[in-house]
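Before any comments, here is the structure.
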Amino acid sequence: MTAYAEAKQAKELYKAKLFQLPNVVGVGVGYKEARGERTDELSVKVLVSQKLPRYALGDSKSVPRDMAGAKTDVIEVGILRAQEERTDRWRPAPPGVSLGHYQISAGTFGAVVRDRATGERLILSNNHVLANNNNAAPNDPILQPGPADGGTLRYDAIAQLVRFCPLQFNSEPGECTYADMYVRAGNYVAGLLGSQHRITASRYNPQAINLVDAAVARPADESQILDEILDIGLVEGTMKAELSMQVRKYGRTTGLTLGEVVVMDATVSISYGTDKAATFENQILTTAMSQGGDSGSLLVAADDNIAVGLLFAGSTQSTVYNPIQAILDCLEVNL
Amino acid sequence: MSSDSSRVEYEHVKSVKETHKRELLAKQNVVGCGVGYKFVDGKRTDKLAIVVMVREKESESVLALGEIIPRQIEGVPVDVQEVGDLRGLDDEYNSGL
Chain A
389 MTAYAEAKQA KELYKAKLFQ LPNVVGVGVG YKEARGERTD ELSVKVLVSQ KLPRYALGDS
449 KSVPRDMAGA KTDVIEVGIL RAQEERTDRW RPAPPGVSLG HYQISAGTFG AVVRDRATGE
509 RLILSNNHVL ANNNNAAPND PILQPGPADG GTLRYDAIAQ LVRFCPLQFN SEPGECTYAD
569 MYVRAGNYVA GLLGSQHRIT ASRYNPQAIN LVDAAVARPA DESQILDEIL DIGLVEGTMK
629 AELSMQVRKY GRTTGLTLGE VVVMDATVSI SYGTDKAATF ENQILTTAMS QGGDSGSLLV
689 AADDNIAVGL LFAGSTQSTV YNPIQAILDC LEVNL
Chain B
72 MSSDSSRVEY EHVKSVKETH KRELLAKQNV VGCGVGYKFV DGKRTDKLAI VVMVREKESE
132 SVLALGEIIP RQIEGVPVDV QEVGDLRGLD DEYNSGL
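From first to last, the protein sequence lines stand for chains A and B.
If you use this note's numbering, the first sequence corresponds to residues 389 to 723, in order.
If you use this note's numbering, the second sequence corresponds to residues 72 to 168, in order.
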């Protein structure tokens with residue numbers, strides 16, 4: 389029998405007993421280490437959450453030095469956890485993870501904001517993430533993770549849509565989807581809170597201007613959402629972006645990325661799906677910081693936990709953000 | 072942009088951009104315009120410019136006259152930057168929709 393097979397056999401023989409000892413979280417086969425150096429001797433590796441001296445544990449609760457002829461080697465690995473992904477189900481859920489309206493794919497939980505009138509904590513993301521490009525009604529379920537990441541209505545509803553800033557679409561060249569058009573003077577908060585009232589479309593409006601792509605949702609249970617953004621932490625206060633400013637965001641698809649503000653006060657035409665486009669004013673463009681699924685991420689200054697914008701669009705070369713103050717004003721919330 | 076003179080310069084570039092944004096966005100390849108520092112040979116300069124964002128950079132020789140982007144507007148330099156097709160970034164983007 390090879391030395392490896394002998395060590396493995398000893399491990400199989402004793403693993404049940406080893407797991408009964410305090411702090412043991414795993415067993416396996418590996419080279420024994422002595423004074424921090426790897427030796428050539430195969431051993432039964434015993435993984436512990438915390439290494440304690442033999443005298444503190446007592447012989448009966450300590451890992452024996454050898455078992456069935458094989459040496460043992462105790463290594464401290466801490467508490468082993470399942471590696472949680474941004475696209476997993478998180479409870480409580482921190483900003484930065486996947487979420488979305490039950491009829492969309494998936495976007496990002498951007499931040500927790502407070503309703504100016506009631507003070508309640510709400511989930512901030514895009515209209516196209518929480519309100520399905522205007523095709524949503526108040527109290528529609530919001531899933532975490534989003535449907536593209538396996539979120540289901542039955543098990544994963546974390547919040548309900550409260551309100552959104554309506555998007556005003558232009559139709560793409562060659563198409564005239566009049567029925568989809570919302571005729572509005574500006575991009576202001578939908579007055580449909582609590583009502584099923586829908587504005588019906590009447591006229592194509594190529595001059596339609598948007599300032600933000602934003603919505604808020606109310607958690608079913610307030611204790612199930614966290615304020616701290618993954619890898620960034622608690623963000624308080626807002627500031628205007630500036631050219632060349634260093635910025636970062638944490639999003640569902642690309643996690644934490646850094647970038648630089650390249651264009652300000654931008655007027656941009658954004659494609660939504662295959663058949664719609666919308667024009668936005670006063671936007672912020674950065675170097676490439678995102679991919680699909682990052683929509684809704686909060687843009688934060690690189691050296692300070694201060695909010696600058698909300699990610700909603702981009703390409704492989706650039707990422708586009710709404711300025712944060714326009715978001716807060718449209719939704720009547722504070723950060 | 073700390074000094075008053077650079078603030079004034081920024082506001083001037085912005086106002087020229089506002090005046091001309093419609094004609095710029097009417098060009099087929101243009102997806103946006105804004106204010107930014109001009110890039111020369113991939114390096115950022117200190118000169119503010121009207122940034123015109125295009126899906127794809129093309130040489131003037133292949134463009135119809137009406138599609139050519141002027142090098143400056145009312146004396147303000149224009150910097151053409153390729154940004155691709157800007158899309159809403161829900162996860163549909165990754166599946167090519």
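Ideal Cβ positions, reconstructed from N, Cα and C, are used throughout, including at glycine.
Can you look up residue i in the DSSP assignment and give me helix, strand or coil?
i	result
TYR660 (chain A)	strand
ALA444 (chain A)	helix
THR496 (chain A)	strand
GLY345 (chain A)	Chain A is shown only over 389 to 723; residue 345 (chain A) falls outside these bounds and no answer can be derived.
ILE715 (chain A)	helix
THR565 (chain A)	Confidence at THR565 (chain A) is low in this model, with a pLDDT of 40, below 50, so the placement of that residue is unreliable and no value is reported for it.
ARG474 (chain A)	coil
GLY488 (chain A)	strand
PHE407 (chain A)	helix
ILE556 (chain A)	For the record, residue 556 (chain A) in the displayed sequence is Gln; it is not Ile. Coil at GLN556 (chain A), not helix or strand.
ALA481 (chain A)	strand
SER590 (chain A)	Legend: pLDDT at SER590 (chain A) = 34, less than 50; position of this residue unreliable, value from coordinates given subsequently. Looking at SER590 (chain A) - three-state DSSP - the assignment turns out to be coil, as it is neither helix nor strand.
ALA545 (chain A)	strand
LEU136 (chain B)	helix
ARG30 (chain B)	The shown model of chain B, from 72 to 168, leaves out residue 30 (chain B), and the question about it has no answer.
LEU510 (chain A)	strand
Measuring only the C-alpha atoms, how far is residue i from residue j?
i	j	result
PRO526 (chain A)	LEU518 (chain A)	10 Å
GLY538 (chain A)	THR475 (chain A)	9 Å
SER130 (chain B)	GLN152 (chain B)	13 Å
LEU401 (chain A)	TRP478 (chain A)	38 Å
ALA654 (chain A)	LYS114 (chain B)	21 Å
LYS109 (chain B)	ILE140 (chain B)	15 Å
LEU644 (chain A)	ILE694 (chain A)	15 Å
ASP150 (chain B)	LEU549 (chain A)	41 Å
GLY137 (chain B)	ASN520 (chain A)	37 Å
VAL417 (chain A)	ASP428 (chain A)	13 Å
GLY702 (chain A)	ARG442 (chain A)	58 Å
ILE617 (chain A)	TYR638 (chain A)	7 Å
ASP117 (chain B)	ALA524 (chain A)	46 Å
VAL123 (chain B)	PRO529 (chain A)	40 Å
SER76 (chain B)	GLU82 (chain B)	10 Å
ALA714 (chain A)	LEU160 (chain B)	20 Å
THR565 (chain A)	ARG78 (chain B)	With a pLDDT of only 40 at THR565 (chain A), under 50, the local geometry of the prediction cannot be trusted, and no value is derived from it.
ARG586 (chain A)	PRO554 (chain A)	Reliability fails at ARG586 (chain A), whose pLDDT of 40 lies under 50, so the model's placement of it is uncertain and the value that follows must be treated cautiously. For ARG586 (chain A) and PRO554 (chain A), the distance between alpha carbons rounds to 11 Å.
PRO533 (chain A)	LEU119 (chain B)	43 Å
VAL412 (chain A)	ALA458 (chain A)	18 Å
LEU719 (chain A)	PRO711 (chain A)	13 Å
MET633 (chain A)	VAL87 (chain B)	23 Å
What does DSSP give as the partner residues of residue i in its beta bridges?
i	result
MET677 (chain A)	Answer is none; MET677 (chain A) lacks a bridge partner.
ILE672 (chain A)	A:TYR709
THR655 (chain A)	B:CYS104
ARG504 (chain A)	None, per the DSSP bridge assignment.
VAL462 (chain A)	A:VAL434
HIS516 (chain A)	Note: HIS516 (chain A) sits in no beta bridge, so no partner.
ASP454 (chain A)	A:LYS459
ASP150 (chain B)	B:VAL122
LYS637 (chain A)	A:THR645
THR667 (chain A)	A:SER657
GLU421 (chain A)	A:ARG426
ARG158 (chain B)	A:SER659, A:GLY702
LYS114 (chain B)	B:VAL111
GLY684 (chain A)	Its beta-bridge partners do not exist; DSSP assigns none.
THR390 (chain A)	Paired residue(s): none; THR390 (chain A) is not in a bridge.
ARG551 (chain A)	A:VAL604
ALA695 (chain A)	A:THR626, A:VAL688
VAL87 (chain B)	According to DSSP, VAL87 (chain B) bridges with nothing at all.
ILE467 (chain A)	Note: ILE467 (chain A) sits in no beta bridge, so no partner.
GLN612 (chain A)	Bridge partners of GLN612 (chain A): none, in fact.
GLN143 (chain B)	B:PRO148
PRO529 (chain A)	A:GLN548
VAL412 (chain A)	A:VAL436
ASN722 (chain A)	A:ARG502
GLY621 (chain A)	A:ILE617
ASN598 (chain A)	A:PHE668
So with Cβ pairs under 8 Å, would you call residue i a contact of chain E?
i	result
GLN679 (chain A)	Here the protein chains are A and B, and chain E is not one of them.
Original post:
Below 8 Å, can you find three or more Cβ-Cβ pairs linking the segment 671-681 of chain A to the segment 628-642 of chain A?
Top reply: yes
Subject >> At least three beta-carbon pairs within less than 8 Å, the segment 659-667 of chain A to the segment 677-684 of chain A >> reply: no
Original post:
Pairing CB atoms from the segment 452-470 of chain A with CB atoms from the segment 502-515 of chain A, are three or more of them under 8 Å?
Top reply: no
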